[in-house]
Amino acid sequence: MQRASRLAPLLLPEPRDNVKQSDKIFVAGHRGLVGSALVRRLLALGFDNLVLRTRDELDLEDIASVRAFFEAERPNHVFLAAARVGGIFANNTYPADFIHDNLLVQISVIEAARATNVDKMLFLGSSCIYPKFSEQPIREEALLTGELEPTNEAYAVAKIAGIIMCRSYNRQHGTRFMSVMPTNLYGEGDNFERTGSHVLPALMRRFHDAKLAGDREVVVWGTGTPRREFLHVDDMADASIHLMRVWAEPSPDGSIVGGPNAINEIVNVGYGDDIPIGELAKMVKETVGYQGTLAFDTTKPDGTPRKLLDSTRLHSTGWSPKVSLREGLARTYAWFLENHDEARLG
Ligand code: GDP
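Here this note's numbering is used: position 83 in the sequence shown is 111, and no number is missing along the way.
If you want it as structure tokens, here you go:
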């Protein structure tokens, strides 16, 4: 006798029209790296009925304000790209802020979206939700199969809670809330702070400053051996919009991508290739045109040894990345030079 799946859906969503250009779309976190790229891409594709709120206009951690906002605006679709994010140092130093702020934003937005019948929502997770020693490349099925990387455990647990919330809402309420797991993202609009940022913008800034100061040596944290996968944020935005459009819609052969089937509620978004941090440092150095040498500070943590996503599920929907790392680095540095004053440079 066949056993029913433990994760069998309780409710099936009704088939509805796909995302239309006239639909009202709320991009939560539109000033962040991903949110701003989403807005650029949505507008370029003709989706111009966007609802945007700055942090001053709407506090996404405030459950009542968020509910009132959804009731007033009634968006058709939501990209939940608002989050407290940061690199290995920030995550390791402020774990309480990372778990607290992210949980509150997720609870407010996910529940308000359900209560106001949002049609589709795409929740942005992170590749750090996967166990530290996941088999590489990491498949979506690796979720909750092992221990997390301690330096970003608090952030990862908040994001995992978001994924399980989306899954639970889909099962119990028949909503269409999907979670995407981006690999390490970078690009125009990134955070170039000295300590709180991720490795790629941090190194770009450090090489740039060293070039101007004429320093002989630039320090790279850790051993340089951990491997990371980098995806340009414009590719991330494009993949997210693509997934929202195809997800839970029947494809020409009648199959459904996503839907209330637990496994397809998570989709990895990666570039498909990774490099050691030492290699990345050399590429950033070349992009910036810095002539000095590299030194590795092994007193700084390496974090997880490797983080390469298996993006087969995404690629099977007909999407692939367009921006190579070399091109993306050049674009990011050009942006940094142009926007020096506005770039987040703490
Ligand atoms: P992670 O992918 O969550 O570990 O986040 P990061 O982007 O902060 O770090 C990736 C890897 O780059 C880790 O092994 C860091 O130790 C290494 N790394 C090297 N130099 C830097 C730096 O200047 N800033 C950051 N954030 N990481 C660095």
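Idealized CB from N, CA, C, for every residue including glycine.
Residues in the same chain with beta-carbon distance under 7 Å from E99, minus the five sequence neighbours each way, listed in chain order, please. Against the sequence shown, residue 99 aligns to sequence position 71. Contacts found: T144.
Let me know the secondary structure DSSP gives A56 once reduced to three states. Taking the first residue of the sequence shown as position 1, residue 56 is located at position 28. A56: strand per DSSP, three-state reduction.
Per DSSP, what are the beta-bridge partners of Y318 in this structure? Position 290 of the sequence shown, counted from the first residue, corresponds to residue 318. Paired residue(s): none; Y318 is not in a bridge.
Tell me which same chain residues have a C-beta within less than 6 Å of the C-beta of L308, skipping the five on either side of it? Your numbering for residue 308 matches position 280 in the sequence shown. Here the set comprises nothing.
Contact shell at 5 Å, judged by CB to any heavy atom of the ligand GDP, ordered along the chain: G115, I116, H226, V227, A230, V248, W249, G250, P254, I305, D330, G331
Name the residue from L152, K313, G317 whose alpha carbon lies nearest to the alpha carbon of A323. Taking the sequence shown and counting its residues from 1, one reaches residue 323 at position 295. Ranking the options by Cα distance to A323, first place goes to K313.
State the start and end residues of the unbroken beta strand (DSSP E) segment that holds Y361. Locating residue 361 in the sequence shown gives position 333, counting from the first residue. Note, Y361: premise wrong, no beta strand (DSSP E); alpha helix (DSSP H) at 353-366.
Quick check: what's the CA-CA separation for W275 versus A267? Counting from one through the sequence shown, the residue named residue 275 turns up at place 247. Counting from one through the sequence shown, the residue named residue 267 turns up at place 239. Using only the alpha carbons, I get a separation of about 11 Å.
Can you tell me which of the three DSSP states L342 falls into? Taking the first residue of the sequence shown as position 1, residue 342 is located at position 314. Correct three-state label for L342: helix.
Let me check understanding here. Comparing Cα to Cα, which of V133, T223, R255 lies closest to R95? Indexing the sequence shown from 1 puts residue 95 at position 67. That would be V133, whose Cα lies nearest to the Cα of R95.
What do you get for G217, buried or exposed, if any count of 16 or more other CB atoms within 10 angstroms of its CB means buried? The residue given as residue 217 occupies position 189 in the sequence shown. It is buried - the Cβ of G217 has at least 16 other Cβ atoms within 10 Å.
Whole-angstrom Cβ separation of G215 and A109, contact assumed at under 8 Å? In the sequence shown, the residue the question calls residue 215 occupies position 187. In the sequence shown, the residue the question calls residue 109 occupies position 81. Between A109 and G215 the Cβ distance is about 14 Å, and since that is not below 8 Å, they are no contact.
Kindly give me the distance between the Cβ atoms of T18 and S155, rounded to whole angstroms, as I take these residues to be in contact under 8 Å. Outside the displayed span of the chain (29 to 374) sits residue 18, for which this structure offers no information.
Taking the alpha-carbon positions, what's the N119 to R273 distance? Position 91 of the sequence shown holds residue 119. Position 245 of the sequence shown holds residue 273. Answer to the nearest angstrom: the Cα atoms are 33 Å apart.
Near L78, which residues of its chain fall below 7 Å by C-beta distance, leaving aside the five closest residues on each side in sequence? In the sequence shown, residue 78 corresponds to position 50, counting from 1. Correct list, in chain order: I53, V55, V67, L70.
Cβ-based neighbour list, T253, same chain, cut-off 8 Å, excluding 5 preceding and 5 following: As a first step, residue 253 must be located in the sequence shown, where it is residue number 225. Once the five neighbours on either side are set aside, the close Cβ partners of T253 are P304, I305, G306, D330, P333.
If I measure Cβ to Cβ from D301 and keep anything under 7 Å in the same chain, skipping five residues before and after, which residues do I get? Locating residue 301 in the sequence shown gives position 273, counting from the first residue. The answer, listed in chain order, is E257.
Using the C-alpha atoms, what's the distance from V247 back to N46? On the sequence shown, residue 46 is found 18 positions in, with the first residue counted as 1. On the sequence shown, residue 247 is found 219 positions in, with the first residue counted as 1. Answer to the nearest angstrom: the Cα atoms are 49 Å apart.
Report the three-state DSSP secondary structure of P329 (helix, strand or coil). The residue labelled residue 329 in the question sits at position 301 within the sequence shown. It is coil, neither helix nor strand.
Grab me the residues of M29's own chain with a C-beta within less than 7 Å of its C-beta, minus the 5 sequence neighbours each way, in chain order. Counted from its first residue, the sequence shown places residue 29 at position 1. Reliability fails at M29, whose pLDDT of 39 lies under 50, so the model's placement of it is uncertain and no value is given.
Would you report the Cα separation of I284 and T360, rounded to the nearest angstrom? Translated into the one-based positions of the sequence shown, residue 284 becomes position 256. Translated into the one-based positions of the sequence shown, residue 360 becomes position 332. In this prediction, I284 scores a pLDDT of 49, lower than 50, which makes its location untrustworthy; the coordinate-derived value is nonetheless stated afterwards. About 36 Å.
As a quick exercise: from G114, R167, T121, K148, pick the residue whose alpha carbon is nearest that of R102. Taking the first residue of the sequence shown as position 1, residue 102 is located at position 74. The candidate whose alpha carbon is nearest that of R102 is K148.
Run through DSSP, which three-state label would V146 get? For the purposes of this step, residue 146 is identified with residue 118 of the sequence shown, where counting begins at 1. In the structure shown, V146 sits in coil (DSSP, three-state: anything other than H, G, I, E or B).
Given a cut-off of 8 Å on the beta-carbon distance, is the pair P159 and L176 in contact? Reading the sequence shown from its first residue, position 131 is the one you call residue 159. Reading the sequence shown from its first residue, position 148 is the one you call residue 176. It is a contact, given that the beta carbons lie within the stated cut-off.
Secondary structure of K350, DSSP reduced to three states: Along the sequence shown, one-based indexing puts residue 350 at 322. Residue state, collapsed to three classes: coil.
K335 classed as buried or exposed, judged by whether at least 16 other C-beta atoms fall within 10 angstroms: Numbered from its first residue, the sequence shown carries residue 335 at position 307. K335 is buried by the Cβ-count criterion.
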